[in-house]
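For reference, the structure is listed below as structure tokens.
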Amino acid sequence: MKIISLLLILITASMFSSAQKTNFYSFKTKTIDGASFDLSSLKGKKVLVVNTASKCGHTPQYKDLQALYLKYGGDKFVIIGFPANNFMNQEPKSNAEIKQFCTDTYQVTFPMMQKISVKGDDIDPIYKWLTTKALNGIMDAEVSWNFQKFMIDEKGNLVDMASPATSPNDKKIIKWITAK
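Last residue of the sequence shown: 193 (my numbering), numbering continuous.
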């Protein structure tokens, strides 16, 4: 019985230890152009992660996201957009079409990644980490709609989340960006 208890303790400790070692910088993805993108290249920056869609009532948030990026983006802050078609077919476009739409309509210059799934059986590993407390150590946060925002600190840790309806210019987000 002692051996079984000891094994359970070791397994649990191992799982907890590995969950604590995984952070946002542990992942790699692809840009909207298909190039590999190592999120560890963002170490030292706060990162606002947003799942986007081009045919959503929240799509005009691209304008505010771009303004936020122009004002605060650089050495200390970045926004990353992840197009997703998980909600009512509101992002049916290809990566090339999404890029063209974002550039032409909203002059987006913040990094856009390839289209992924942000929920369900085919959820991207980044979003699995963002939405699962056992992996991120902070919270369970199901993605409820397009333009949900996740806040990552300079060390790659999830610190908070803002709902899809929350404006990118919300006090909560600005305060987080500007806090030292």
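Think of the CB as a built atom: it goes at the ideal place given N, C-alpha and C, for glycine as much as any other residue.
Every value quoted in this text rests on a predicted model; they were computed, and no experiment measured them.
Query	Result
Could you work out which residue in Asp46, Ile111, Asp173, Ser107 is closest to Tyr75 when comparing CA atoms only?	Ile111
What does the Cβ neighbour count give for Gln161, buried or exposed, with the cut at 16 atoms within 10 Å?	buried
Under 6 Å Cβ to Cβ from Asn170, same chain only, skipping five residues before and after it: list those, please.	Asn36
Is the segment 148-163 touching the segment 113-126 in the sense that three or more CB pairs, one from each, lie closer than 8 Å?	no
Would you mind giving the Cβ-Cβ distance between Leu61 and Tyr38, rounded to the nearest angstrom? I have them listed as a contact below 8 Å.	Contact flag wrong, Cβ pair sits at about 15 Å.
Following the continuous beta strand (DSSP E) through Asn149, name the residue where it begins and the one where it ends.	Unbroken run through Asn149 is the alpha helix (DSSP H), 146-149; no beta strand (DSSP E).
Which two residues bound the contiguous alpha helix (DSSP H) that contains Thr65?	Not the alpha helix (DSSP H): Thr65 falls in the beta strand (DSSP E), residues 59-65.
Report the rounded CA-to-CA distance for Pro138 versus Met126, giving the unit in angstroms.	14 Å
Which ranges does the beta strand (DSSP E) cover as unbroken runs of at least 3 residues, wholly within the segment 56-143, from first to last along the chain?	59-65, 90-96
Measure from the alpha carbon of Ala116 to the alpha carbon of each residue in Lys168, Gln79, Lys59, then state which is nearest.	The amino acid occupying residue 116 in the given sequence is Thr; Ala does not appear at that position. It is Gln79.
In terms of residues, what are the limits of the alpha helix (DSSP H) holding Thr35?	Here Thr35 belongs to no alpha helix (DSSP H), and DSSP marks it neither H nor E.
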